[in-house]
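To start, the structure itself, in structure tokens.
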Amino acid sequence: MKKNNQKGFMLVEAFVVSTIVLGVLVFMFIQIRTIVNGFNKSFSYNTIPGIYIANELKKIIKIQDYDELKQQVELTGYVLVDEDRADWNNMFGMNNIKTLIIAKDDINSLKKIKGEKISDKVVDYINTITSSDVQNAYRIIVEFNDDTYASIRL
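Take a look at the structure:
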């Protein structure tokens, strides 16, 4: 018996092995990218110093401007606190705060906002926040100059 030409078999075998190896590499790339993105978010979103500063802001808001800010939030859905206000200027500078938003805890309407003072990164962070079913609750969202973010319920 004479052996047939096996060049075609080797070509098919090379394609099958190459496809399997390529599939495994793509799968590993996707998994590693997901892990790295989650790792980076854990260092940017709700950091311990950020939550601490947000908690201090919560205490100051409860003492000073709670009723005024609450009325503004009820009218517009959120308040973008400017550092132009004299009473907030020192707080922004000392804590490296870039953006301070006070909003209703149900932030579904807040996820749609875009503006010149609110960056796309803040909107991305807002999209990661889960809303609660508590009515008449408010939330403080803080963006810091080092591109970290924090959010707590007011």
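The sequence shown begins at 65 in the working numbering and counts up by one.
Backbone N, C-alpha and C fix where the C-beta goes; we use that ideal spot for every residue, glycine too.
Please read these numbers as outputs of a predicted model, since none were measured by experiment.
Counting C-beta pairs with one atom in each stretch, the region 192-211 and the region 114-131 have three or more that are closer than 8 Å, which means they touch. In this structure, ILE182 lies away from LEU218, with their beta-carbon atoms at least 8 Å apart.
Straight-line measurement puts the Cα of ILE125 at about 33 Å from the Cα of ASN101. Only residues of its own chain outside the window of five on either side were considered, and among them none has a CB closer than 6 Å to the CB of PRO113.
Setting aside the 5 residues that flank it on each side, TYR213 is surrounded in the same chain by TYR109, TYR189, GLU207, each with a C-beta closer than 6 Å to its C-beta; the list follows chain order.
Annotated as distal: ILE204 and SER195, with beta-carbon spacing of 8 Å or more.
Boundaries of the beta strand (DSSP E) around ILE204: 202-208.
Between the alpha carbons of LEU121 and GLU138 lies a distance of about 20 Å. CA-CA distance, MET92 to ASN153, rounds to 48 Å.
Residues VAL145, VAL206 of the same chain have their beta carbon placed closer than 6 Å to that of LEU164, with the five preceding and five following residues left out of the count.
TYR142 places its beta carbon less than 8 Å from that of LEU174. Residue burial annotation: VAL186 is buried, with at least 16 other C-beta atoms found within 10 angstroms of its C-beta. In the structure shown, the three-state DSSP call for LYS134 is helix.
LYS162 carries a strand assignment under DSSP once its states are collapsed to helix, strand and coil.
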